Amino acid sequence: MEGANVEDVAESHDDSYYTVSISCQVAFHSHGLQVHYIRDIQKLERYLPFLHNLVHHFDSIGDKPLSIQMTQKLGISWTSPLTLSPPSPSFLTDADLRGPKSFQIDNLCFELGIVQFFLWCNASRMGFTNLLQSATLLRRAAGVYQYLAYEFLSLLKDAQSFECPPEATIPVSYVMSLICLAESQIVAIMKAKEQKPADILLSKLHYGVVKYFDLAMIFYSTATKECKNFSPILMEYISCYKVLYELKSYKYMAEAVKAEGKTGNAIALLGKALNNEQISAGGTKSWQKVIKQDV
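According to the working numbering, the sequence shown is numbered sequentially starting from -8.
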């Protein structure tokens, strides 16, 4: 816990919790199917003030050996959806008997960081009929993930003496921040389409999404070097939507060129887009189906 100013964490994000609550109440009335997300968020919000208070008191203990001794046997454990399940023993053949890997993390500061990670992960998954509200929440989530990576987890990295889940690493927080920014840009595109903008503008907006996913892939590559048994599911999502929005960008660019009477150039652009899709597309059949539908 050395080096982490927990009071700053609390002061910076107390208002965020209320923002999430208000947003989720609006979502509840608009999307009854999102109730499971709301319940998870409410549980995390009830837990966070208690955890902030607990971490603050432990951080204020002058006797560091005593503080360490008091937290050594907390029994805090997390299972990570981003970690591959360990292989079954030879005598277990049913894949259903395998569970996600459990991480024992007896460190309150890491607990605080992980809880905030999952709070905003759930919040950013919410669907909203109000596009402006959705974009605002996604940008706010991106800022929290960036804060966790740049300020919070970086301060704790030197003190880390145990294996932790991917969600508690700096590169994965950056990946999540960039995904939220990409999704915020997607919402902005949906809002822009209401005004029927020029095709060339839509092409540029879609390519902006591609650039966010490009950066996310770089940080994902770093994360795979730090995390053992890192599940490819996050990369499949990133690569699928990168290809999808690159296709859309070329499509709108081709429409703009066609409108100028340059049909040959438009066909060439579409051909290049399809060629890039064949080179880049990967992942599971379900992701490939999403791409093919757009093609």
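Backbone N, C-alpha and C define an ideal beta-carbon position, used for all residues, glycine too.
Quick caveat: nothing in here was measured; it's all calculated off a predicted structure.
- Spatial neighbours of Q186 in its own chain (CB-CB distance under 7 Å, excluding positions within 5 residues in sequence) are not present.
- In the displayed model, S51 falls within coil according to three-state DSSP, outside both helix and strand.
- Nearest to I67 by alpha-carbon distance, out of F49, H48, F94 and D50, is F94.
- For S230, the enclosing alpha helix (DSSP H) stretches over residues I224 to A250.
- Contact between S168 and A133 holds, since their C-beta atoms are separated by about 5 Å, short of 8 Å.
- Taking 8 Å as the cut-off, the beta carbon of P162 is found no closer than this to the beta carbon of W69.
- For the set K249, Y198, C112 and L75, the Cα lying nearest the Cα of I224 is the one of L75.
- Across the set L99, S145 and Y241, the C-alpha of L99 shows the shortest separation from the C-alpha of L65.
- For the options N121, Y141, L122 and Q137, the alpha carbon positioned closest to that of W111 is the one of Q137.
- Burial is judged here by how many other beta carbons sit within 10 angstroms of a residue's own beta carbon; K219 has fewer than 16 and is exposed.
- The alpha-carbon separation between F143 and H43 amounts to approximately 14 Å.
- By the CB criterion at 8 Å, L122 and E174 fall outside the cutoff.
- With respect to the 8 Å criterion, V106 and L35 are classified as neighbours on the basis of their beta carbons.
- DSSP places T215 inside the alpha helix (DSSP H), whose first and last residues are D190 to E217.
- When DSSP states are grouped into helix, strand and coil, S71 belongs to the coil group.
- For the set A257, T160 and K202, the Cα lying nearest the Cα of Y232 is the one of K202.
- For C171, the enclosing alpha helix (DSSP H) covers residues I161 to K184.
- Using a Cβ distance threshold of 8 Å, Y243 and K263 do not count as a contacting pair.
- Just measuring C-alpha positions, the residue of L192, L73 and S212 sitting nearest V248 is L192.
- For I29, the closest of F210, M181, H47 and N113 by C-alpha to C-alpha distance is N113.
- K182 counts as exposed, since fewer than 16 other C-beta atoms from the protein chains shown sit within 10 angstroms of its C-beta.
- Around the beta carbon of T160, a 10 Å sphere encloses 16 or more other beta carbons of the protein chains shown; the residue is thus reported as buried.
- Rounded to whole angstroms, F49 and T127 show a C-alpha spacing of 34 Å.
- Contact check for I229 against F204 passes: the beta carbons are separated by less than 8 Å.
- Where L128 is concerned, the enclosing alpha helix (DSSP H) starts and stops at L122 to Y138.
- In this structure L260 touches A245 by the C-beta definition: roughly 4 Å separates them, less than 8 Å.
- Taking C-beta separations shorter than 6 Å and ignoring five residues to either side along the sequence, the partners of G199 in its chain run Q176, following chain order.
- Rounded to whole angstroms, the separation of the alpha carbons of I209 and V166 is 9 Å.
- F221 is positioned such that its CB atom lies no closer than 8 Å to that of E158.
- Excluding sequence positions up to five before and after L139, its CB lies within less than 7 Å of the CB of G104, Q107, F108 and S164, all in the same chain and listed in chain order.
- For L172, the closest of K253, L206 and D190 by C-alpha to C-alpha distance is L206.
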